[in-house]
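Asks: Have a look at this one.
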Amino acid sequence: MLTINVGVLLAVVVLLRLRRRTEARSRNDEKLTVIIVLALGVVIAPTPVGEGILNFLGQLATGITDSTR
Numbered sequence: 001m002l003t004i005n006v007g008v009l010l011a012v013v014v015l016l017r018l019r020r021r022t023e024a025r026s027r028n029d030e031k032l033t034v035i036i037v038l039a040l041g042v043v044i045a046p047t048p049v050g051e052g053i054l055n056f057l058g059q060l061a062t063g064i065t066d067s068t069r
């Protein structure tokens, strides 16, 4: 039986959609891309990879905040 990881599938779809030229996109096409990216974020968030990304971004934000003081 073939199993497909939904996160990987959504990432491939996002990459394929973002490769298109900007001028060729309609407003509805851009909205669909945003919805797909949000779905990818929801799928990735509870995984260890998503938690690692969140931790990294938190440390980066803390470092930037501390450097401005």
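Note that UniProt numbering has the sequence shown beginning at 1, numbered continuously upward.
Just so it is clear, CB atoms sit at the ideal spot from N, CA and C, and this is done for glycine as well.
In terms of residues, what are the limits of the alpha helix (DSSP H) holding Ser67?
Replies: The residue you call residue 67 lines up with position 67 of the sequence shown. Its alpha helix (DSSP H) spans residues 48-67.
Asks: Can you check whether the CB of Thr33 is closer than 8 Å to the CB of Arg19?
Replies: Reading the sequence shown from its first residue, position 19 is the one you call residue 19. Reading the sequence shown from its first residue, position 33 is the one you call residue 33. Not closer than 8 Å, so no.
Asks: So, at 7 Å on beta carbons, what are the nonlocal neighbours of Ala39 in its own chain, with the 5 sequence-adjacent residues on each side left out?
Replies: Counted from its first residue, the sequence shown places residue 39 at position 39. The answer, listed in chain order, is Leu10.
Asks: How big is the Cα-Cα spacing for Glu51 and Ser67?
Replies: Counting from 1 along the sequence shown, the entry for residue 51 is found at position 51. Counting from 1 along the sequence shown, the entry for residue 67 is found at position 67. Taking the straight line from one Cα to the other gives about 24 Å.
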